[in-house]
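In order, the protein sequence lines correspond to chains A and B. The numbers in numbering that gives the first Met the number 0 rise by one with no breaks, and the one at position 258 of the first sequence is 257. The numbers in numbering that gives the first Met the number 0 rise by one with no breaks, and the one at position 142 of the second sequence is 141. Glycine residues also receive a C-beta, built at the ideal position from the N, C-alpha and C atoms. Scroll down for the structure; my scribbles are underneath it.
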Amino acid sequence: MIEDWRPALVERLLHAVNDAGAWGYRTGSNGSAEPTALAALALATTGNASKRVAGALEWLARLQRDDGAVPISAEAEHPQWPTTLALLAWLRCTPPGAEIRAARIGKALSWVLHARGRKTPPDYAIHDHDSTLVGWSWVARTHSWIEPTAYALLALRAADQADHPRVREGVELILDRALPEGGWNYGNRRVLEHVLRPFPATTGVALAALAGEPREARIDVAIEYLVKELPRIRAPLSLAWGLIGLRAWDARPPEARTWLEACARRLIEQPASPQYDALLLLAGADTCPLIKTPGVQTDD
Amino acid sequence: MTDAHPTPDKTNVGGKFSRRQLLGIGGIFALGWGLAGTAMWWRRHERGRRADVFIGKAAGYDADLVSLVSAGLEELGVTRRQIQGKRVLLKPNLVETALGQAHINTHPALVVAAAEVFRRLDAAEVFVAEGQGHRRDSWLVLDESGMGRALAEAGLKFVDLNHDDVEPVANVGTWTDLEHLYLPKTLRSVDILVSMPKLKTHHWAGVTCAMKNLFGVMPGVVYGWPKNVLHWSGIPNSILDINATVRPTLAIVDGIVGMDGDGPIMGNPKPVGAVIIGTNLTAVDATCVRVMDLNPLGVPYLTQASGRLGPIHERNISQLGESIARLRTRFEVLDLPHLANVRRT
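If you want it as C-alpha cells, here you go:
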C-alpha cells in the first residue's frame, strides 16, 4: 500500500526542483534552504536520485556564508536557522570522501555550536520555564524555542556531538519546556495565567531530538499525547513530524501507514509542496535519516 | 557677535519697559499663543485626519453577512470602480487553533461572505492568505478552524504567507529600529489588502483588531514562531511599522463573537454581534475598542498612531450604521499594570 504513494511524491519532488538544483516552499518559488535540505534527505532514502541529491547539497553549499551559516534563501541573508538542516543534509547525504564535505560541514558545525538563543531573566509572573537555559533561536538575538533547538540537536547528534555541553543544555531546555499534560507548544509552557496547548509538529520534532536520552515521564506523556492526536490529523507537517517523533521512541502505531497514505493522497491533489512532500517521505521511509536509531543508514 | 560698547538699557532699570519693547514682548506672546493654539488644534484634530467607520449588526454567523458587508462598503463609499479588476487579499486571523475554540480565529463565514462581495464587485481575483503566528502547520490550522473546508467550497485559494518568497522593504514607520521589513512577495502583488481580524483583547497590546492582525503578514521563516523579532522590537512599535509600511486598504472585523480576558488565544468567547468595517485601520481599531467598552486612549499603539496613521478620537471619526452605544459590550481585561489604562475609567 505504501508503494502507491511514495513514488508519486518522489516524482513530484523531482519535478519541483528548480534549475539551480534547489527547492522552494512551493512549486515555482525561489529555492529555500529548509525544503532543499529536506528534499535531499527524503530523496536520499529512495536510493535512486543521487544526482538531484548532490545538486541540492551543492546548492546549499553555495548558499553557505564564510562563517558557516546557511540563510533561509539567497534573497534573505538572515535569519540563518536552516544551518542546522543543511548540516544534517550534508552529514547524512554526502558520499564519504567528497571533496567539499569536510570544509562545509566543519564551518556549519562551528556556526551551530556558536549560535545561542537569548537568555532572559526569570519572570515567573509571565512564564514558568527556565529562561536562562540556552538553546537555539529562529533569529539571532531572540529567545530559544523548541523547533530550532530540536533541529540543532538532530544535526549535532548526526555529527556525533551528543555529549557536547551545548547538546546537553539543549536537551535540558527541551525537557524543561515540556507541557505538564504532555507535548510541546512552540516553546512556552505557561504565559501569564494559562498553560499553553501542545502542538503535534513541535511535539514530534522535540521527541525526535530527544531520541537516545533516558526515557522519562515527560517523554511518556508526550508520546501519549501524539498517539491520541495523530489519528485525526491528516496535515502533512504535523503528521510527519508526529510520526517521526514516535518512531524515535519506537512508539509508532501500526495504523501509521494508513494515515500516511490518506495524507499523501490528500497532498497529491494539491500543487507540489516540497517541504511537505519531503517530510511525508521521511516519515514513511524504512529508515529515517533525521534520527539516529538502530539500523539507520549513515555514511559518516 | 558682542558689541564693544554696549548701550546701557535704561528702560530696564526698575523693571520698566519702553513702548517698543512692550510691543515686541506682546508680539512674541501673541505668536507663541497662536502657535500653541494651532498645535492644540492640530493635535485635537489629529493633524486633520478624519475617517468613516461602519458598524453592522449580525446576530450570528448564519446571518446574511454578504448583505451586511456589501452595505458597509456602500456606506463607506467603496465603489465597484475601485474594486473592479483588482486583486484582493483577505487576511483573516488564524493565529492558533484548538478544537472547540472557534472564538480564537476569524470565522470562515465572514471571510467567505467578504470574498463574495468583492467577487460581485468584479474583483479580478480574491484569495485568502495568512502567516499564522503560533502554529506553523497551515494545513492543520485550516482543518481545525473549518476555514479550509469553507474556502474549498467557495473556490477560494489560500496562500501561506509564512513560507512565501520574501523581499526587503524599507521600514516606513521607523517606530522600531528595524531598517527593513521582509514582506511576502504575494503581499506586494495585490491591489487591495483587507485585514479581517477577530475582535479580541490582547494580554500584551491591550487589544488585537485590524492593525495587530497584520503581524500575520510577516513571514515566519524570517521572523520565527511566534514572530520573535517583532516581540523583541516592541509589539506596539511593530504594529505601527507594519501598518505604515504595508498600508492596508480596508478592515472587516469579526466582532460577532469576540474574545475577552486572556486574549489572543486563551480568552473567553464574547458575543457582541458586530461587524466593523472601515478604510482607515486606526479609526477602525479605535471604534472596536469603544465597542469593547474599553479606552482607546489607553492603548499605546493607538495613541502613537493618532494623527500619524489615522484618527482615534470620536470627534474625528464618523460612525455609520449602528451606533457604538447600541452594541457596546464590556470586555474583561486581565488585571495587569500595563493594561490598567485600557480599561475605561
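Which class does residue i belong to by DSSP, given the choice of helix, strand or coil?
| i | result |
| --- | --- |
| residue 241/B | helix |
| residue 124/B | strand |
| residue 227/A | helix |
| residue 4/B | Note that residue 4/B scores 41 on pLDDT, short of 50, meaning its location in the model is unreliable; the coordinates nonetheless yield the value given after this. Coil at residue 4/B, not helix or strand. |
| residue 90/B | strand |
| residue 290/A | coil |
| residue 207/B | strand |
| residue 0/A | Summary for residue 0/A: the model assigns pLDDT 44, below 50, so the residue's position carries little reliability; its value from the coordinates is reported in the next sentence. If DSSP states are grouped into helix, strand and coil, residue 0/A belongs with coil. |
| residue 251/A | coil |
| residue 98/B | coil |
| residue 31/A | strand |
| residue 293/B | strand |
| residue 342/B | strand |
| residue 85/B | coil |
| residue 105/B | coil |
| residue 24/A | coil |
| residue 230/B | helix |
| residue 56/A | helix |
| residue 145/B | coil |
| residue 119/B | helix |
| residue 175/A | helix |
| residue 137/B | helix |
| residue 44/A | helix |
| residue 152/B | helix |
| residue 330/B | coil |
| residue 18/A | coil |
| residue 212/A | coil |
| residue 161/A | coil |
| residue 263/B | coil |
| residue 335/B | coil |
Could you tell me which residues DSSP pairs with residue i in its beta bridges?
| i | result |
| --- | --- |
| residue 258/B | 199/B, 268/B |
| residue 75/A | 72/A |
| residue 157/B | 127/B |
| residue 183/A | 198/A |
| residue 288/B | Looking at the DSSP assignment, residue 288/B forms no beta bridge with any residue, so it has no partner. |
| residue 317/B | 51/B |
| residue 277/B | 52/B, 250/B |
| residue 190/A | 193/A |
| residue 305/B | 309/B |
Contact check, residue i vs residue j under 8 Å by CB: the rounded distance?
| i | j | result |
| --- | --- | --- |
| residue 286/B | residue 255/B | Residue 286/B to residue 255/B, Cβ: 16 Å. No contact. |
| residue 288/B | residue 295/B | 4 Å |
| residue 158/A | residue 59/A | In fact, because the Cβ distance is near 16 Å, the residues do not count as touching under 8 Å. |
| residue 271/A | residue 14/A | 7 Å |
| residue 209/A | residue 170/A | 6 Å |
| residue 281/B | residue 310/B | 7 Å |
| residue 249/B | residue 193/B | 5 Å |
| residue 204/A | residue 146/A | 6 Å |
| residue 125/B | residue 155/B | 7 Å |
| residue 236/B | residue 138/B | Contact flag wrong, Cβ pair sits at about 33 Å. |
Report yes or no: is there a C-beta of chain E within less than 8 Å of the C-beta of residue i?
| i | result |
| --- | --- |
| residue 173/A | Looking for chain E here will not work: the only protein chains present are A and B. |
Can we count residue i as close to the ligand NAD, meaning its CB is less than 7 Å from some heavy atom?
| i | result |
| --- | --- |
| residue 279/B | The model depicted lacks the ligand NAD and carries no ligand whatsoever. |
(Q) As an exercise, report each continuous alpha helix (DSSP H) stretch of at least 4 residues that is fully enclosed by the segment 18 to 81 of chain B, in chain order. (A) 18 to 43, 64 to 74
Q: Pull out every residue of the segment 94 to 127 of chain B whose Cβ sits closer than 8 Å to any Cβ of chain A, in chain order.
A: 95, 97
Q: With a floor of 4 residues, list each alpha helix (DSSP H) that falls wholly inside the segment 81 to 158 of chain A, ordered by position along the chain.
A: 82 to 92, 100 to 113, 145 to 157
Q: Using a Cβ-Cβ cut-off of less than 7 Å, list which residues of the segment 131 to 148 of chain B approach chain A; keep chain order.
A: 133, 134, 135, 136, 138, 139, 142
Q: With 8 Å as the C-beta to C-beta threshold (strictly closer), list the residues of the segment 28 to 41 of chain A near chain B in chain order.
A: 28, 29, 31, 33
Q. What residues in the segment 238 to 270 of chain B bring their beta carbon closer than 7 Å to a beta carbon of chain A?
A. 261, 265
Q.
If the cut-off is 9 Å on Cβ atoms, which residues from the segment 73 to 100 of chain A count as contacting chain B, listed in chain order?
A. 74, 75, 77, 78, 80, 81
Q. If you measure beta-carbon to beta-carbon, which residues of the segment 228 to 259 of chain A are closer than 8 Å to chain B?
A. 232, 233, 234, 235, 236, 237
Q. Closer than 8 Å, Cβ to any Cβ of chain A: which residues of the segment 54 to 74 of chain B, in chain order?
A. none
Q | Contact residues within the segment 326 to 342 of chain B, judged by C-beta distance below 7 Å to chain A | A | 333
Q: Note down, in chain order, all residues in the segment 136 to 148 of chain A with a beta-carbon under 9 Å from any beta-carbon belonging to chain B.
A: 136, 137, 138, 140, 141, 142, 144, 146, 147
Q | Contacting positions in the segment 32 to 55 of chain B - beta carbon closer than 7 Å to chain A | A | none
Q. Which residues, in order along the segment 173 to 192 of chain A, keep a beta-carbon less than 9 Å from a beta-carbon of chain B?
A. 184, 185, 186, 187, 190, 191, 192
Q: Give the residues from the segment 0 to 28 of chain A that approach chain B closer than 8 Å (Cβ to any Cβ), ordered along the chain.
A: 23, 24, 25, 28
Q.
Report the start-end ranges of each beta strand (DSSP E) in the segment 154 to 194 of chain B that is 3 residues or longer and not cut off at the edges.
A. 157 to 159, 165 to 169, 179 to 183
Q.
Please list, in chain order, the residues of the segment 149 to 166 of chain B that have any C-beta partner in chain A closer than 7 Å.
A. 162, 164, 165, 166
Q) Looking at chain A, which residues of the segment 197 to 208 of chain B have a Cβ within less than 9 Å of any of its Cβ atoms? A) 202
Q) In chain order, what residues of the segment 195 to 216 of chain A put their CB closer than 9 Å to some CB of chain B? A) 195, 196, 198, 199, 200, 201
Q) Whole alpha helix (DSSP H) runs in the segment 232 to 286 of chain A with 4 or more residues, listed along the chain? A) 235 to 247, 255 to 267, 273 to 283
Q: Could you run through the segment 49 to 75 of chain A and flag, in chain order, every residue whose CB is less than 9 Å away from some CB of chain B?
A: 71, 72, 74, 75
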